[in-house]
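**Q** Residue numbers (my numbering), protein chains in the order written: chain B, 4 to 216; chain F, 4 to 216.
Beta carbons are placed, not taken as given, at the ideal position from N, Cα and C, and that holds for glycine.
All of these numbers come straight from a predicted model, not from anything done at the bench.
2 protein chains.
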Amino acid sequence: MIRMGNSKNIPDIVIGRLPIYLRALNLLIAEQREYTSSHELGERLGISSAQIRKDLSHFGEFGKQGTGYNIAYLHEQIRQILHVDREWPMAVVGAGDLGRALVHYRGFVPRGFRVVCVFDNDPARIGEQIAGLTVQPMSELASQIAAHRIQVAMIAVPLEAAQEVATQLVEAGVEAILNYAPITISVPDGVQVQYIDPVAHLQHMTYYLTPKS
Amino acid sequence: MIRMGNSKNIPDIVIGRLPIYLRALNLLIAEQREYTSSHELGERLGISSAQIRKDLSHFGEFGKQGTGYNIAYLHEQIRQILHVDREWPMAVVGAGDLGRALVHYRGFVPRGFRVVCVFDNDPARIGEQIAGLTVQPMSELASQIAAHRIQVAMIAVPLEAAQEVATQLVEAGVEAILNYAPITISVPDGVQVQYIDPVAHLQHMTYYLTPKS
């Protein structure tokens, strides 16, 4: 495989599909499978096999005519491409219901991420223990992010506070933000932002439904 | 516009982008804009303008040469296509941290969804009030889903319980499930399932980062 790095101009929409492929490969590994094909992946994911082959071709030659993709190899290569062949320390801002759920979430560690600190501005929450972490005041945010070399953070605060928190995170050196608040946030160029948008998933599904009421 | 309904074989990946377009149009409306172009939408979303034009062409002719898309019109058409020109009642299963956060989430109502009931199997939680809703026992699930004509539900239980909950929801008549538990669930053909997968978003962003540690 030829490693392209970040400099090659691969469409962001293609990058966005790599985690989906990785998730499907995780499942195949759990099923103790050794080989798969763009066809099988496509059927499982509702994406055309041509699209999958085209997406992967941006990063090198992974499949062989006849045998298809070696699952373990493709899995490892995509982990490297996405830089998740390591563990990223993360900060959570907001220790309300959602922040607590994120600190407890068991899906992060197996896939390259670990929450290492959690912040809130509510004196009633500061000092509280969540899954072994102590909720820290916002005044500690910059120093903790530096100390843990944190580049990735999740925002779990009320929507009115999300922009201010994002600004503080960026000032502290955070380069990638996953925002759970239902509001668009502005960040400088070069800082990544993604949104957890349950409504987009719900609307995707209601396309296929016939309303009963 | 020619309304195609669900019968036309439009790729699911195209359907999945419509909520993203709708979200961008919401923002443009908030900015009091009247017209936009596939170019502008593409730049905001990191999707090629050709892709956007092709996606929308599955559903009819929305744009005009020269003036582009009328934002309010396109917004209304996509709402109709996705069946969110109405309000869908929803059930939440799981009244822990995440379930509580979902009941409180302010992003649903403005975009076509409303949580109308919440269930848990923990006697300590049953009867609790969350944002005006009373947590009900799982034994009430089927009757409440029927009474409210609920077709859409969200799973916010620990991963070990997610499959059993999904099965109960489908038996009760639910046709679309948004699963927050980090586990794949099996449902019969014809039932929609989507996943909230924060790790996919995180991995998308770490592609662009250079690890510091």
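1. Taking F/Asp-15 as the query, report the chain B residues whose CB atoms sit under 7 Å from its CB, ordered along the chain.
2. For F/Asn-231, which of helix, strand or coil comes out of DSSP?
3. With H, G and I counted as helix, E and B as strand and the rest as coil, what does DSSP make of F/Ile-5?
4. Three-state secondary structure (DSSP) at B/Leu-181?
5. Examine chain B for any beta-carbon lying closer than 9 Å to the beta-carbon of F/Gln-35, and answer yes or no.
6. Residues of chain F with a CB under 8 Å from the CB of B/Leu-101: which are they?
7. When the Cα atoms are used, what is the spatial distance from B/Glu-174 to B/Ala-145?
8. Could you give the DSSP three-state label for B/Ile-30: helix, strand or coil?
9. If we require 3 or more residues per run, which beta strand (DSSP E) segments fall completely within the segment 64-105 of chain B?
10. Should F/Arg-26 be flagged as near chain B, meaning a C-beta pair shorter than 9 Å?
11. Measure the Cβ-Cβ separation of B/Ser-41 and B/Leu-59 and say whether it is below 9 Å.
12. Mapping DSSP to helix, strand and coil, what is F/Arg-117?
13. Comparing alpha-carbon positions, which option in B/Asp-88, B/Gln-154 and B/Arg-89 lies nearest B/Cys-120?
14. Taking contact to mean 3 or more Cβ pairs, one atom from each stretch, closer than 8 Å, check whether the segment 161-179 of chain F and the segment 45-63 of chain B are in contact.
15. In terms of residue numbering, what span does the beta strand (DSSP E) encompassing B/Met-157 cover?
16. If contacts are defined as beta-carbon pairs under 8 Å, then F/Ala-159 and F/Leu-205 qualify, I think. What distance do you get, rounded to the angstrom?
17. Rounded to a whole number of angstroms, what is the C-alpha to C-alpha distance between B/Ala-27 and F/Thr-187?
18. For a test of the three-state rule: what should DSSP assign to F/Leu-212, helix, strand or coil?
19. Rounding to the nearest angstrom, what Cα-Cα distance links F/Ala-179 and F/Val-112 in this structure?
20. Taking a Cβ distance cut-off of 7 Å, strictly less, list which residues of the segment 171-196 of chain B are near chain F, in chain order.
21. List the residues of chain F whose Cβ lies closer than 8 Å to the Cβ of B/Val-155, in chain order.
22. What does F/Leu-144 touch in chain B if you count any residue whose Cβ is under 7 Å from its own?
23. Using a cut-off of 8 Å between C-beta atoms, extract the partners of B/Lys-57 located in chain F.
24. What's the gap between the Cα of F/Asn-124 and the Cα of F/Pro-140?
25. Whole angstroms is fine: what's the gap from B/Leu-85's alpha carbon to F/Thr-213's?
26. Between B/Arg-114 and F/Val-202, how many whole angstroms is the CB-CB distance? I'm expecting something under 8 Å.
27. With DSSP run on the structure shown, which of helix, strand or coil describes B/Thr-39?
28. Would you list the one or two residues that DSSP bridges to F/Val-138?
29. Using the beta-carbon count (16 or more within 10 Å), is F/Leu-31 buried or exposed?
30. Determine, using beta carbons only, whether B/Val-138 and B/Ile-148 come nearer to each other than 9 Å.
31. Using CA atoms only, rank isn't needed, just tell me which of B/Glu-79, B/Glu-37 and B/Pro-92 is closest to B/Gly-71.
32. Considering only their Cβ atoms, is the gap separating B/Ala-98 from B/Ala-156 smaller than 9 Å?
33. Taking B/Val-87 as the reference, give the member of B/Val-196, B/Leu-25, B/Val-96 and B/His-61 with the closest Cα.
34. So the candidates are F/His-78, F/Leu-21, F/Gln-35 and F/Gly-69; which of them puts its Cα closest to the Cα of F/Gln-54?
35. Looking at the C-beta of F/Gln-80, does it have a partner C-beta in chain B at a distance below 9 Å?
36. State the CB to CB distance for the pair B/Gln-132 and F/Met-208, rounded to an integer number of angstroms; the pair is presumed to be in contact (CB under 8 Å).
**A** Checking against the coordinates, here is how it stands:
1. Within the second sequence, residue 15 of chain F is the residue found at index 12, counting from 1. Going along chain B in sequence order, the residues near F/Asp-15 (Cβ under 7 Å) are Gly-49.
2. There is no way to answer for residue 231 of chain F, as the model of chain F reaches only from 4 to 216.
3. Working through the second sequence from its first residue, we reach residue 5 of chain F at position 2. Confidence at F/Ile-5 is low in this model, with a pLDDT of 38, below 50, so its placement is unreliable and the value that follows should be read with caution. Note: F/Ile-5 maps to coil in three-state DSSP.
4. Residue 181 of chain B sits at position 178 when you count from the first residue of the first sequence. Strand, per DSSP.
5. As a first step, residue 35 of chain F must be located in the second sequence, where it is residue number 32. For F/Gln-35, the answer is no, since every Cβ of chain B falls outside 9 Å of its Cβ.
6. Mapped onto the first sequence, residue 101 of chain B falls at position 98. Those are Asp-100, Leu-101 and Ala-104, listed as they occur along chain F.
7. Your numbering for residue 174 of chain B matches position 171 in the first sequence. Your numbering for residue 145 of chain B matches position 142 in the first sequence. If I take the Cα positions, the gap works out to 8 Å.
8. Here residue 30 of chain B refers to the residue found at position 27 when the first sequence is read from its first residue. One point to set straight first is that residue 30 of chain B is Leu, not Ile, in the sequence displayed. In the structure shown, B/Leu-30 sits in a helix (DSSP, three-state: H, G or I).
9. 71-73 and 91-96
10. Numbered from 1 along the second sequence, position 23 holds the residue referred to as residue 26 of chain F. So yes, F/Arg-26 belongs to the interface.
11. Counting from 1 along the first sequence, the entry for residue 41 of chain B is found at position 38. Counting from 1 along the first sequence, the entry for residue 59 of chain B is found at position 56. Yes, these two residues count as a Cβ contact at 9 Å.
12. Sequence index remark: in the second sequence, residue 117 of chain F carries index 114 (1-based). F/Arg-117 falls in the strand class under three-state DSSP.
13. Along the first sequence, one-based indexing puts residue 120 of chain B at 117. Of the candidates B/Asp-88, B/Gln-154 and B/Arg-89, the one whose C-alpha sits nearest the C-alpha of B/Cys-120 is B/Gln-154.
14. no
15. Residue numbering aside, residue 157 of chain B sits at position 154 when the first sequence is read from its first letter. Segment 155-158, the beta strand (DSSP E) holding B/Met-157.
16. Translated into the one-based positions of the second sequence, residue 159 of chain F becomes position 156. Translated into the one-based positions of the second sequence, residue 205 of chain F becomes position 202. F/Ala-159 to F/Leu-205, Cβ: 20 Å. No contact.
17. As a position in the first sequence, residue 27 of chain B is number 24, starting the count at 1. As a position in the second sequence, residue 187 of chain F is number 184, starting the count at 1. Rounded to the nearest angstrom, the two C-alpha atoms are 10 Å apart.
18. The residue labelled residue 212 of chain F in the question sits at position 209 within the second sequence. DSSP places F/Leu-212 in coil when its eight states are reduced to three.
19. Taking the first residue of the second sequence as position 1, residue 179 of chain F is located at position 176. Taking the first residue of the second sequence as position 1, residue 112 of chain F is located at position 109. About 17 Å.
20. Glu-178, Ala-179, Leu-181, Pro-185, Thr-187 and Gln-195
21. Residue mapping note: residue 155 of chain B aligns to position 152 of the first sequence, counting from 1. Correct list: Leu-205, Met-208, Thr-209 and Leu-212.
22. Translated into positions along the second sequence, residue 144 of chain F becomes position 141. Ordered by position in chain B, no residue passes the 7 Å Cβ test against F/Leu-144, which lies about 17 Å from the chain.
23. Your numbering for residue 57 of chain B matches position 54 in the first sequence. Within 8 Å Cβ-Cβ: nothing; B/Lys-57 doesn't reach chain F, min ~13 Å.
24. Counting from 1 along the second sequence, the entry for residue 124 of chain F is found at position 121. Counting from 1 along the second sequence, the entry for residue 140 of chain F is found at position 137. In a straight line, the C-alpha of F/Asn-124 is about 6 Å away from that of F/Pro-140.
25. Within the first sequence, residue 85 of chain B is the residue found at index 82, counting from 1. Within the second sequence, residue 213 of chain F is the residue found at index 210, counting from 1. Straight-line Cα distance between these residues: approximately 10 Å.
26. Walking along the first sequence from the start, residue 114 of chain B turns up at place 111. Walking along the second sequence from the start, residue 202 of chain F turns up at place 199. About 5 Å separates the two Cβ atoms, so the contact holds.
27. As a working mapping, residue 39 of chain B is identified with position 36 in the first sequence. Correct three-state label for B/Thr-39: strand.
28. Here the question's residue 138 of chain F lines up with position 135 in the second sequence. In DSSP, F/Val-138 forms a bridge with F/Val-121.
29. As a working mapping, residue 31 of chain F is identified with position 28 in the second sequence. With 16 or more Cβ atoms within 10 Å of its Cβ, F/Leu-31 is classed as buried.
30. Position 135 of the first sequence, counting from 1, holds the residue named residue 138 of chain B. Position 145 of the first sequence, counting from 1, holds the residue named residue 148 of chain B. Contact: no.
31. Looking up residue 71 of chain B in the first sequence gives position 68. The shortest Cα separation from B/Gly-71 among B/Glu-79, B/Glu-37 and B/Pro-92 belongs to B/Glu-37.
32. If you number the first sequence from 1, residue 156 of chain B lands on position 153. If you number the first sequence from 1, residue 98 of chain B lands on position 95. Taking 9 Å as the Cβ cut-off, B/Ala-156 and B/Ala-98 do not qualify as a contacting pair.
33. Numbered from its first residue, the first sequence carries residue 87 of chain B at position 84. Nearest option by C-alpha distance: B/Leu-25.
34. Taking the first residue of the second sequence as position 1, residue 54 of chain F is located at position 51. Closest option to F/Gln-54, Cα to Cα, is F/Leu-21.
35. Your numbering for residue 80 of chain F matches position 77 in the second sequence. F/Gln-80 does not count as touching chain B.
36. Counting from 1 along the first sequence, the entry for residue 132 of chain B is found at position 129. Counting from 1 along the second sequence, the entry for residue 208 of chain F is found at position 205. Rounded, the Cβ-Cβ distance is 29 Å, inconsistent with contact.
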